[in-house]
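A.B. asks:
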Amino acid sequence: MTMAAQSEYSPDSERIMSVSLGPQHPGAGHFRIRLWLDGDYVVRAEPDPGYVHRGEEKMAEYRNYIQNVPHLERPVILDSSNILFAYSLAVDELMNNKIPIRGQYLRVIMSEANRIISDMYYLAIQGYFMGHTTMITWCMGDRDFWIDFAERIGGARVTYAYIIPGGVRNDIPAFAIEKGLKTCDWFDKRMDEYEKIFFSNPMVHQRSDGVGVLSRDDAIALGATGNVARASGLSLDVRKDEPYSSYEDFEFKVNVLNQGDSWARAYSALLDMREAVKIIRQALKKLPLGPVRLKLGPQPRVPAGEVYARTEAARGEMSYHIISDGSPRPYRLKIGVPSAKNLRVLPHLLRGVHVADIPVIYWGLNYWPVENDR
Amino acid sequence: MKERRLKLSMTPSRIREVGLFARDTLGFDHISTVSGVDWIAKNQLEVDYFVGSSTPGQEDFILAFSELVARDNPVVPTLIDVWKGAEYHERETHEMLGINFQGHPNQNHLLLPEDWNDLPPLRKDYVSPGR
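Those protein sequence lines, which keep their order, are chains A and B. So the first sequence is numbered by numbering that gives the first Met the number 0: it starts at 0 and just counts up by one. So the second sequence is numbered by numbering that gives the first Met the number 0: it starts at 0 and just counts up by one.
1) If you run the structure through DSSP and keep just helix, strand and coil, what is residue 365/A?
2) Between residue 88/B and chain A, is any beta-carbon pair separated by less than 9 Å?
3) Return the chain-ordered list of same chain residues with a C-beta closer than 7 Å to the C-beta of residue 166/A, the five sequence neighbours on each side being excluded.
4) Would residue 419/A and residue 113/A qualify as a contact pair, given that the criterion is a beta-carbon distance under 9 Å?
5) For chain B, find out if any of its Cβ atoms is closer than 9 Å to the Cβ of residue 34/A; answer yes or no.
6) Going along the chain, which residues of the stretch 54-70 of chain A sit with their C-beta nearer than 7 Å to a C-beta in chain B?
7) Determine whether the Cβ of residue 32/B lies closer than 9 Å to any Cβ atom of chain A.
8) Please decide whether residue 221/A counts as near chain B, where near means a Cβ-Cβ distance under 9 Å.
9) For residue 43/B, which residues from the same chain have a beta carbon less than 8 Å from its beta carbon, with the 5 sequence-adjacent residues on both sides left out?
10) So is residue 136/A buried or exposed if we call it buried at 16+ other beta carbons inside 10 Å?
11) Please list, in chain order, the chain B residues whose beta carbon lies closer than 8 Å to that of residue 307/A.
12) Please list, in chain order, the residues of the stretch 313-332 of chain A that have any C-beta partner in chain B closer than 7 Å.
13) Given a cut-off of 9 Å on the beta-carbon distance, is the pair residue 177/A and residue 269/A in contact?
14) Kindly list, in the order they appear in chain A, the residues whose Cβ is closer than 8 Å to that of residue 36/B.
15) Contact defined as beta carbons within less than 8 Å: I believe residue 46/B pairs with residue 92/B. What is the distance between those atoms, to the nearest angstrom?
16) Identify, in the order they occur along the chain, each residue of the same chain with its Cβ nearer than 6 Å to the Cβ of residue 117/A, setting aside the five sequence neighbours on each side.
17) Using a Cβ-Cβ cut-off of 7 Å (strictly less than) and excluding sequence neighbours within five positions of residue 209/A, which residues of its own chain qualify?
18) For residue 241/A, which three-state DSSP category applies?
19) For residue 110/B, name the three-state secondary structure that DSSP assigns.
20) Sorted by chain position, which residues of the same chain lie with C-beta nearer than 6 Å to residue 206/A's C-beta, five sequence neighbours on each side aside?
21) Quick one: what's residue 15/A bridged to in DSSP?
22) At what residues does the beta strand (DSSP E) containing residue 47/B begin and finish?
23) Going along chain A in order, which residues have a C-beta closer than 8 Å to the C-beta of residue 127/B?
24) Rounded to the nearest angstrom, what separates residue 358/A and residue 298/A at their Cα positions?
25) Whose Cβ in chain A lies nearer than 8 Å to the Cβ of residue 41/B?
26) So what does DSSP say about residue 318/A, is it helix, strand or coil?
27) Does chain B have any CB closer than 9 Å to the CB of residue 28/A?
28) Please list, in chain order, the chain B residues whose beta carbon lies closer than 8 Å to that of residue 343/A.
29) Helix, strand or coil: how does DSSP classify residue 235/A here?
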């Protein structure tokens, strides 16, 4: 984590120059990539994360299962429901909680809304990196309607602490259902416009077609997940593979693309949003009546045991490995975040590319430094 | 652990063999994460590899390979040649729990500062500042 932006000639070859990209680069964001360049080509790249490491896993060992809720959503504020979703599933499994159906549906609604909020941010910045300024203004603006949607349910705009062990924190107000359905209808039309202005745009195609191609075999070997895996022909989606929280009640499909390039990764995010809108609409329409949470108390008794729970977050598979020794606090809590799973793909893709392609490839992986560092 | 999860415990000397068999014969080729636990009362450290599968029909299955090593000399073989994606996960387990992955190409700090000269922070005898 040396802060100085070095630029020195490597002793072994006069042609190779090593440069730092980040951690202050406006696009990299708390993250550095060390690059070894031969002229305009990247010979070798080495990611250097850790600038925003806060020790969330150690913090969790000092707090009980309910106190852990608010700080565990901090690593992924764009996608804060999905990181708590996996945590809640893990604790529910340890405690053998049977979540009321209405609570399960509300968990799904909130987590799909967060998927849209996170993917919109991703498309906004990806558009900006490709020199397509319309995308950042449109996506950032439209994203706000989904933040409003989440605010009506969770009461906050970014970190809601809405999904908790035992269910969800509060019920959905009736007007939020009506307004939410309107948001869904409006957003379907907006996505058609994104397709016209961004995904069918010849400039965007020229900028991202064939840039950073990840083959299917490499995606498996490197452990890629989420959009990165699905854009490379891997049909992996925890929601379908291992339906949790009533996902089997909803009709949606896993979109798999085979190009494996930056364009496919961005398009895969749009297809994911289309499915998310479908799921939200179905869940709002057939929301069953009943309680939304179990009464657990401020310090629930968690029996000794071990659990590995996972969900499909906006960036890919979010997993928790929790070991409980029967005490009020977790003995060990490991967060397996999708950004950490996709990080190994970055040096693989950057080898041999032009310097100008680095932002498109880097952001194409939808890597979030804060999430990786925890 | 629940259905479709299986945790296998083995000695560090056998883990590569078992991992290769699981990858090539059983189709567990997609590394999910690597985790570690400090069992301070038993004076042991545990390393867990959580591996999923891209084979149709068994994507919901997670196989965990677990090995226990002595706390004062925690040396295990690296499994990068089995699951390439384990590289950064192992590096993180090295810095957080002080496990030495033999054959790993780069065990420099990933998340911790370069000048960290305390115990590995996820060991139970490391106490966070202010606690």
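No residue lacks a Cβ here, since even glycine has one placed at the ideal position from N, Cα and C. For clarity, every value in this text was computed on a predicted model and none was experimentally measured.
C.D. replies: In this structure, then:
1) coil
2) yes
3) 98, 99, 102, 291, 292 and 293
4) Here chain A comprises residues numbered 0 to 373, so residue 419/A is not present and cannot be evaluated.
5) no
6) 54, 56, 57 and 61
7) yes
8) yes
9) 67, 68, 69 and 70
10) exposed
11) 0, 4, 49, 61 and 63
12) 316, 318, 320, 322 and 331
13) no
14) 322, 330 and 331
15) 6 Å
16) 77, 78 and 313
17) 260
18) coil
19) coil
20) 129
21) 37/A
22) 43-51
23) 54, 57, 58 and 61
24) 45 Å
25) Near residue 41/B there are no residues of chain A at all, since even the closest Cβ is about 12 Å away, more than 8 Å.
26) strand
27) no
28) 83, 84, 86 and 87
29) coil
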